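Trainee:
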Amino acid sequence: MSGAIEPAPNEPGANDEPGANEPGARESGTDASGANGESEPGTSTSRSAAKSAPHSQTLSRGIRVLEILAESDQAMSIADVAAALGVHRSIAYRILRTLEDHGVVLRDAAGTMRLGPRMAALARGVARGLQTAALPELTNVANELGMTAFVAVLDREEVVTLVSVEPRQAPATVAQRPGTRHPLGRGAPGIAIQSLLTADQWAHLGTEARRDETAAARTRGFATSHDEVIPGLASVAVPLFVPGEAPAALAVVYLASGQSAAGIGARLVTAAASIAADLR
1 MSGAIEPAPN EPGANDEPGA NEPGARESGT DASGANGESE PGTSTSRSAA KSAPHSQTLS
61 RGIRVLEILA ESDQAMSIAD VAAALGVHRS IAYRILRTLE DHGVVLRDAA GTMRLGPRMA
121 ALARGVARGL QTAALPELTN VANELGMTAF VAVLDREEVV TLVSVEPRQA PATVAQRPGT
181 RHPLGRGAPG IAIQSLLTAD QWAHLGTEAR RDETAAARTR GFATSHDEVI PGLASVAVPL
241 FVPGEAPAAL AVVYLASGQS AAGIGARLVT AAASIAADLR
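Sequential numbering from 1 applies to the sequence shown in our numbering.
(1) Who are the Cβ neighbours of Arg186 in its own chain at under 7 Å, not counting the five residues just before and after it?
(2) What does the alpha-carbon distance come out to for the pair Ser274 and Arg168?
(3) Cα separation between Arg181 and Ala276?
(4) In angstroms with no decimal places, state the Cα-to-Cα distance between Ala217 and Leu268.
(5) Please list the terminal residues of the continuous alpha helix (DSSP H) segment that includes Ser77.
(6) Could you tell me the boundaries of the beta strand (DSSP E) in which Arg181 lies?
(7) Using 10 angstroms around the beta-carbon of Pro239, count the other beta-carbons present and answer buried if the total reaches 16, otherwise exposed.
(8) Measure the C-alpha to C-alpha separation of Gly111 and Gln74 and round it to an integer number of angstroms.
(9) Count the C-beta pairs between the segment 60-71 and the segment 83-102 that are closer than 8 Å, then say yes if the count reaches three, no if not.
(10) CB-CB under 8 Å to Leu184, same chain, minus the five flanking residues each way: which ones, in chain order?
(11) Could you compute how far the alpha carbon of Leu145 sits from the alpha carbon of Leu138?
(12) Between the C-alpha atoms of Leu279 and Val151, what's the straight-line distance to the nearest angstrom?
(13) Scan the segment 92-118 and note each continuous beta strand (DSSP E) run of 3 residues or more that stays entirely inside, going in chain order.
(14) What residue range is occupied by the uninterrupted alpha helix (DSSP H) comprising Asp200?
(15) Span of the beta strand (DSSP E) holding Ser235?
(16) For Ser225, does the three-state DSSP call read helix, strand or coil?
(17) Should Val281 and Val252 be called a contact, given that it needs their Cβ atoms to be closer than 9 Å?
(18) What did DSSP end up calling Ala215 once you bin it into helix, strand or coil?
(19) Please report the distance separating the alpha-carbon of Gly37 from that of Gln57.
(20) Where DSSP assigns a beta bridge to Ala272, which residues make up the other side?
(21) Is the beta carbon of Val163 closer than 9 Å to that of Leu135?
(22) Would you kindly work out how many angstroms separate the C-alpha atoms of Ser282 and Asp108, rounded to a whole number?
Spelled out as structure tokens, the structure:
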């Protein structure tokens with residue numbers, strides 16, 4: 001056994017082109033639904049609205065499969081992936097088989113799929129300089145405050161965790177895994193990032209996510225939130241400006257703390273300044 005996904009009964013052969021035998025499926029700039037530029041099932045409108053030029057439907061589907069697996073708390077069957085993607089099982093099968101060949105997807109003994117270790121290697125290449133500069137400061141902040149510290153970056157209309165560190169010793173910690181995402185208009189990191197945005201950036205984003213707290217966060221240097229992303233959790237975040245990189249925020253997330261938000265914010269401001277200085 002090589003470990004690759006074996007074709008199920010009646011699955012298309014290994015040399016079939018993706019979607020070649022599926023009704024209505026084709027490789028073009030028009031989706032299988034026949035609507036020009038409309039999103040595929042399971043793909044958010046925000047990720048396709050700006051895409052008017054021809055694109056690879058197969059590549060788009062492959063990327064969406066990775067997103068689906070990343071968003072799932074458990075391994076998924078081929079049928080589950082097909083349902084989430086909105087395509088026939090045979091199309092999902094071929095996409096998953098290709099991703100497995102590249103090591104970004106793994107199949108377990110039960111035949112279910114999850115992200116592979118190669119994804120971690122790819123993730124390390126994202127904003128590598130920022131991750132490297134941030135890690136020592138995140139470690140110091142996490143251990144000093146007893147809170148999970150992380151850097152989040154803007155990704156279209158969402159905020160995505162780039163790198164995080166949990167404290168070595170704390171009664172209870174919150175896991176903020178890299179790749180975790182939430183809407184720009186929700187939570188302290190999003191508010192802090194909004195304080196960095198220019199008029200041109202807002203023009204591309206739209207104003208739906210704009211928070212009234214942005215001006216106050218810009219004035220005092222930090223943003224706060226409670227129960228916005230996950231019930232029961234609080235967060236403090238500061239803007240992190242890095243030339244050439246997406247707008248970012250340095251933040252902590254915690255269950256409860258006797259420390260003042262102002263004190264936490266001041267510590268984060270110092271850490272953010274140190275990270276920015278290292279990247280100059």
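Where is the CB? At the ideal position from N, CA and C, for every residue including glycine.
Since this is a predicted model, take the numbers as computed values, not measurements.
Mentor: Considering the structure as presented:
(1) Glu228, Val229
(2) 22 Å
(3) 23 Å
(4) 13 Å
(5) Segment: none, Ser77 is in no alpha helix (DSSP H) and carries neither H nor E.
(6) 181-183
(7) buried
(8) 13 Å
(9) yes
(10) Leu154, Glu157, Glu158, Val159, Gly190, Ile193, Gln194, Leu205, Ala209
(11) 10 Å
(12) 14 Å
(13) 105-107, 113-115
(14) 199-205
(15) 234-240
(16) strand
(17) Lying outside 1 to 280, the shown extent of the chain, residue 281 is not represented and no answer is given.
(18) helix
(19) Confidence in Gly37 is poor, its pLDDT being 37 and thus under 50, which makes the residue's placement too unreliable to answer from.
(20) Answer is none; Ala272 lacks a bridge partner.
(21) yes
(22) Nothing can be reported for residue 282, as the shown portion of the chain is limited to 1 through 280.
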